[in-house]
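Participant:
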Amino acid sequence: MIALISDSHVPNRADRIPEQFIEILKQADTVAHCGDFETREMYDELDSISEEFHAVKGNCDRFEIDNYNSFETNGVKIGMYHGSRITPRGHKPTLAKTADELNSKVLLHGHTHQQEATEFEGKILLNPGSCTGVGGGSSVDGNPRMMKVYVEDELRVEMIELVDGEVNQIESKSFEL
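Numbering-wise (the working numbering), the sequence shown opens with residue 3 and increments by one.
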């Protein structure tokens, strides 16, 4: 299972990632963070709890990290990009083009703070939302969100939201690979 998070914004907008989400990250085979950690300390903390950790730089990250990344899981190449240079935010044609440029069927991205799992022009686009629930840009504060991603014969996404301290699966989607 890939635990997918983004837009933590610790410590400037949020104190920490909720412990309930940290427990999910510890159980994952892979942790992927789509940028806006804000500090190297937050990056290092997440890297230390995961056996396999992948990340990209967000527009609020002031430390050295790649803007783009890709990795493979069960024979499926997965690309990553925060999305900060895309106008308007979350523009699907540009995200699909980015997936093409990374030779990936799947693109993990963030920046909008809005959770979404969709397919566009044959590319699967996954945005986990903000794992701390903070707003920014065109979004407002809300509940913390993340995703669990399973890559098997198909790609299955569980969209997770933290409400009053309880982890809730709010939607599940499957995509053909």
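Note that CB positions come from ideal geometry on N, CA and C, so glycine has one too. Keep in mind the model is a prediction, meaning the values are calculated, not measured.
Quick one: give me the first and last residue of the alpha helix (DSSP H) that R42 is part of.
Facilitator: Along the sequence shown, read from residue 1 onward, the residue named residue 42 stands at position 40. Here the alpha helix (DSSP H) through R42 covers R42 to I51.
Participant: Output needed for F55: all residues of its chain with C-beta closer than 6 Å, excluding positions within five of it in sequence on either side, in chain order.
Facilitator: Indexing the sequence shown from 1 puts residue 55 at position 53. The answer, listed in chain order, is V33 and D49.
Participant: Where does T32 fall in DSSP's three states?
Facilitator: On the sequence shown, position 30 is the one that residue 32 refers to. Correct three-state label for T32: strand.
Participant: Determine the extent of the beta strand (DSSP E) in which E156 is found, giving its start and end residues.
Facilitator: Taking the sequence shown and counting its residues from 1, the one referred to as residue 156 is at position 154. Note, E156: beta strand (DSSP E), E156 to V165.
Participant: Which full runs of the beta strand (DSSP E) of 3+ residues lie inside the stretch 57-86, going along the chain?
Facilitator: 70-75 and 78-83
Participant: How would you label K28, buried or exposed, when you count the other beta carbons within 10 angstroms and need 16 or more for buried?
Facilitator: Residue mapping note: residue 28 aligns to position 26 of the sequence shown, counting from 1. The residue in question, K28, is exposed, as its Cβ has fewer than 16 Cβ neighbours within 10 Å.
Participant: At 4 residues or longer, and completely inside the stretch 82-135: list those alpha helix (DSSP H) runs for me, N to C.
Facilitator: Correct list: 94-103.
Participant: Indicate the three-state DSSP secondary structure (helix, strand or coil) for F55 in the structure shown.
Facilitator: The residue you call residue 55 lines up with position 53 of the sequence shown. Shown here, F55 sits in a strand according to DSSP, grouped into three states.
Participant: DSSP three-state call for F177: helix, strand or coil?
Facilitator: By 1-based counting over the sequence shown, the position of residue 177 is 175. Strand, per DSSP.
Participant: Compare the Cα-Cα distances from E121 to each of S52, A98 and P130 and report the closest residue.
Facilitator: Counted from its first residue, the sequence shown places residue 121 at position 119. Closest option to E121, Cα to Cα, is A98.
Participant: CB-CB under 8 Å to A30, same chain, minus the five flanking residues each way: which ones, in chain order?
Facilitator: The residue you call residue 30 lines up with position 28 of the sequence shown. Take A30, set aside five residues on each side of it, and the residues of its chain with a beta-carbon closer than 8 Å to its own are M3, I4, A5, S52 and K150, in chain order.
Participant: Measuring only the C-alpha atoms, how far is I172 from F23?
Facilitator: Locating residue 172 in the sequence shown gives position 170, where the first residue counts as 1. Locating residue 23 in the sequence shown gives position 21, where the first residue counts as 1. Distance from the CA atom of I172 to the CA atom of F23, rounded to whole angstroms, is 15 Å.
Participant: By how many angstroms is the C-alpha of M148 removed from the C-alpha of G139?
Facilitator: Taking the first residue of the sequence shown as 1, we reach residue 139 at position 137. Taking the first residue of the sequence shown as 1, we reach residue 148 at position 146. Those two C-alpha atoms are separated by around 19 Å.
Participant: Got a sec, what are the start and stop residues for the beta strand (DSSP E) V153 sits in?
Facilitator: For the purposes of this step, residue 153 is identified with residue 151 of the sequence shown, where counting begins at 1. Segment R147 to V153, the beta strand (DSSP E) holding V153.
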